[in-house]
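Taken in order, these protein sequences are the chains called A and B.
Under this note's numbering, the first sequence has 103 at position 103, and the numbering climbs by one with no breaks.
To get this note's numbering, take the position in the second sequence, counting from 1, and add 1000.
A virtual CB, placed ideally from N, CA and C, is assigned to each residue, including glycine.
None of these values were measured; they are calculated from a predicted model.
Inspection log for the structure reproduced underneath, given as structure tokens.
There are 2 protein chains.
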Amino acid sequence: MSPIIYHDISSLREALQPYRGQQNDKQGRQQRIALVPTMGNLHDGHLELVKIAKQHADVVVVSIFVNPTQFGVGEDFDSYPRTLDADVAKLATVDADYVFAPSIDAMYPVLPPPTAVLSGAIANQLCGQSRPGHFDGVGIVVAKLFNIVQPDVAVFGQKDYQQLAIIKQLVRDLSYPINIIGAPIVRADDGLALSSRNQYLSANERQVAPVLHQALQELAQSLKSTALSQQAFDKLLVDTRTRISDAGFVIDYLEIKTDELGSIMSDSTTFNIENKNIVILVAAWLGRARLLDNQLVVVN
Amino acid sequence: MSPIIYHDISSLREALQPYRGQQNDKQGRQQRIALVPTMGNLHDGHLELVKIAKQHADVVVVSIFVNPTQFGVGEDFDSYPRTLDADVAKLATVDADYVFAPSIDAMYPVLPPPTAVLSGAIANQLCGQSRPGHFDGVGIVVAKLFNIVQPDVAVFGQKDYQQLAIIKQLVRDLSYPINIIGAPIVRADDGLALSSRNQYLSANERQVAPVLHQALQELAQSLKSTALSQQAFDKLLVDTRTRISDAGFVIDYLEIKTDELGSIMSDSTTFNIENKNIVILVAAWLGRARLLDNQLVVVN
Chain A
1 MSPIIYHDIS SLREALQPYR GQQNDKQGRQ QRIALVPTMG NLHDGHLELV
51 KIAKQHADVV VVSIFVNPTQ FGVGEDFDSY PRTLDADVAK LATVDADYVF
101 APSIDAMYPV LPPPTAVLSG AIANQLCGQS RPGHFDGVGI VVAKLFNIVQ
151 PDVAVFGQKD YQQLAIIKQL VRDLSYPINI IGAPIVRADD GLALSSRNQY
201 LSANERQVAP VLHQALQELA QSLKSTALSQ QAFDKLLVDT RTRISDAGFV
251 IDYLEIKTDE LGSIMSDSTT FNIENKNIVI LVAAWLGRAR LLDNQLVVVN
Chain B
1001 MSPIIYHDIS SLREALQPYR GQQNDKQGRQ QRIALVPTMG NLHDGHLELV
1051 KIAKQHADVV VVSIFVNPTQ FGVGEDFDSY PRTLDADVAK LATVDADYVF
1101 APSIDAMYPV LPPPTAVLSG AIANQLCGQS RPGHFDGVGI VVAKLFNIVQ
1151 PDVAVFGQKD YQQLAIIKQL VRDLSYPINI IGAPIVRADD GLALSSRNQY
1201 LSANERQVAP VLHQALQELA QSLKSTALSQ QAFDKLLVDT RTRISDAGFV
1251 IDYLEIKTDE LGSIMSDSTT FNIENKNIVI LVAAWLGRAR LLDNQLVVVN
């Protein structure tokens, strides 16, 4: 069945009201609301988020909003693909219940909003360094969506690993009563992480793009299987960078962090990955597409 | 009846759950939850907030939390009066339903929290200038209390005029579904605005303190009754300052703003209060007490 679409905040809130409080489903459990925030132009990765949300809730709200405050000057806000009708048709196939597709005016009566939700150190690295202000925009729009929907559960993709970590921190620091679920990356058969921005790739670039995932997988394998000296570790990183660059990418960053995005260096000169779960994160341009990927490495 | 006291977030949330959603009271109206945030050491001003809250909701939660993040270095965080038992006894007389009195650890598992809720220009003036970071602490604790209680209504005193304006902005900018009610200032018989910090005053200082309110009232009267030249306006301000200082106060600020805390100057040199509701705001030290007061002037 096709989801019901709301463009304004008050109608959505009214529609969700019956699911709150002591309302029980047929099994006698309290009903739960899930939120899946998206910028639309949905692909199978998004639909997977909805499927996971369905497992954790009785009603699933998918927000579709290309959020202006998370785009920087010169970024692709204007050209970002907007495909609401196709999105709604796809959401019908996975039984999403409600679509929240607000206008910019509905979300931002004052733009930019004077109030800011900032995420501190965790946001000042990786994508936050190459996209100044990006996570400030994410912070405020996610806080707004949480307050509008007041969900019990919210599902975010692990492809945007740093975003997910920032949102978990936001939920803890602002005491949101929301269970944040990180959904595994959905990949094409050749390994490329699904992303709306993949459509910016030319046919040739699309052929090359899976190198990003392959390089990360192999680096993860090497990190897991070998006791590494600092030198060997540095060489692995250099080799991975070279491989990605040689394929035609312009690397924005390739970094190894603890799974909470802390430093893996036990001091400024010594690295130490023992007893730590780590994550390799990459952002790289291929043509006019900036692609993200990451790979968790569970040590031990 | 004595309110029920909760010290941890999850028990409070559980207690409030029955009031949410489609639950109706005896008149068939949907039940509403009100929040009255306080730092405890309650006086009649606080009790008035609770009475107003009772008029707008079926269940009233009073939070009592001396919030460390809104105190600066050298301020009175350590000495701020903590009187939970007496507070609870007073709340019983006005039928508050629940008291939320969390520990610092419960509110801030990480202190300071990396996530920040900043209020921009409106917070960088008046008290924000003399107490750097104060409203950042207010922003995060209010956001947390809103998320913990998820009230329909929250009541704040108009004595903290700037705080009230900041919270209204926060609710708008973060899309909180909360009706913010500003409660009139409660005054002693001699006109002094009630405040927990009044107890820092010596007996002599307490005699002098009402001058603050009297000076503001008279300034308001002059502003309302006269068509003023810039010169006459400036003189009125100087005279008011002098009167307050001569009484023994050290003035932190005395300013006239629009009721939304914007500038009343139509440009940098010309003042224009026609067709604007304005507010006179003062902060002044008397001994070791920093007293706040304000006076609305409805023009026309």
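Same chain, Cβ closer than 8 Å to residue i, five either side skipped, listed in chain order
i	result
F77 of chain A	V66, P68, F71
S1263 of chain B	K1257
N294 of chain A	Q158, K159, Y161, I185, L216, V279, I280, L281, V282
Y98 of chain A	P3, I4, I5, Y6, L12, A15, L16, V59, V60, V61, V62
L47 of chain A	K90, L91, T93, V94
Close-in-space but distant-in-sequence residues of the same chain around residue i (CB under 6 Å, 5 per side omitted)
i	result
K1054 of chain B	V1060
Y1006 of chain B	L1012, F1100
R1197 of chain B	A1289
Y200 of chain A	R288, A289
V1238 of chain B	none
Y176 of chain A	F146
E205 of chain A	L286, G287
V1149 of chain B	L1035, V1061
D259 of chain A	N277, V279
S1222 of chain B	L1236
Identified DSSP bridge partners for residue i
i	result
R290 of chain A	A:W285
E255 of chain A	A:L281
R1032 of chain B	Answer is none; R1032 of chain B lacks a bridge partner.
R187 of chain A	A:A193
G1182 of chain B	B:F1156
Q295 of chain A	A:I280
Y1108 of chain B	Answer is none; Y1108 of chain B lacks a bridge partner.
G21 of chain A	B:G1021
P1037 of chain B	B:S1063
V99 of chain A	A:I5, A:V62
A1165 of chain B	Paired residues: none, contrary to the question.
V1250 of chain B	B:W1285
A1116 of chain B	A:L118
Neighbour-count burial assignment, residue i, 16 or more Cβ in a 10 Å radius
i	result
R290 of chain A	buried
D1173 of chain B	buried
A89 of chain A	exposed
S195 of chain A	buried
A1220 of chain B	buried
R288 of chain A	exposed
D1152 of chain B	buried
G1128 of chain B	buried
K144 of chain A	buried
G21 of chain A	buried
R32 of chain A	buried
N147 of chain A	buried
D234 of chain A	exposed
P18 of chain A	exposed
Other residues of its chain near residue i: CB distance less than 7 Å, five sequence neighbours each side excluded
i	result
L118 of chain A	D136, G139
A1215 of chain B	T1240, R1243, I1244
L1049 of chain B	V1036, V1155, G1157, A1183
A1284 of chain B	L1212, I1244, F1249, V1250, I1251, D1252, L1291
H304 of chain A	In this structure chain A extends from 1 to 300, so residue 304 of chain A is not present and cannot be described.
Problem - Sufficient close CB pairs (3 or more, under 8 Å) joining the stretch 186-202 of chain A to the stretch 162-178 of chain A - result: Too few Cβ pairs lie closer than 8 Å, so no.
Problem - Interface positions of the stretch 1111-1141 of chain B facing chain A (Cβ-Cβ less than 8 Å), listed along the chain - result: Taking 8 Å as the Cβ-Cβ cut-off, the stretch 1111-1141 of chain B approaches chain A at P1113, P1114, T1115, A1116, V1117, L1118, S1119, G1120, A1121, I1122, G1139, I1140, given in chain order.
Exercise for the section: Pull out every residue of the stretch 1170-1195 of chain B whose Cβ sits closer than 8 Å to any Cβ of chain A, in chain order. Expected result: The stretch 1170-1195 of chain B vs chain A, Cβ under 8 Å: L1170, R1172, D1173, L1174, S1175, Y1176, P1177.
Practice task
Assess, as a yes-or-no matter, whether the stretch 1079-1094 of chain B is touched by the stretch 1037-1047 of chain B under the definition of 3 or more beta carbon pairs within less than 8 Å.
Solution key: Enough Cβ pairs lie closer than 8 Å, so yes.
Practice task
Evaluate contact between the stretch 1102-1110 of chain B and the stretch 107-118 of chain A, counting only Cβ atoms and requiring at least three cross-stretch pairs below 8 Å.
Solution key: These segments do not touch.
Handout entry: Contact list for the stretch 142-168 of chain A against chain B, Cβ threshold 9 Å
Key = Listed in sequence order: A143, K144, L145, F146, N147, I148, Q150, I166.
Practice task
Select from the stretch 1274-1298 of chain B all residues with a C-beta closer than 7 Å to any C-beta belonging to chain A, and list them in chain order.
Solution key: Listed by position, the residues of the stretch 1274-1298 of chain B near chain A (Cβ gap below 7 Å) amount to none.
Problem - Members of the stretch 1009-1022 of chain B that neighbour chain A once the beta carbon cut-off is set at 8 Å - result: Within the stretch 1009-1022 of chain B, the qualifying residues are I1009, R1013, Q1017, P1018, Y1019, R1020, G1021, Q1022.
Practice task
Check distances from the C-beta atoms of the stretch 76-109 of chain A to those of chain B and list, in chain order, the residues that come in under 7 Å.
Solution key: Per Cβ criterion, the list reads P109.
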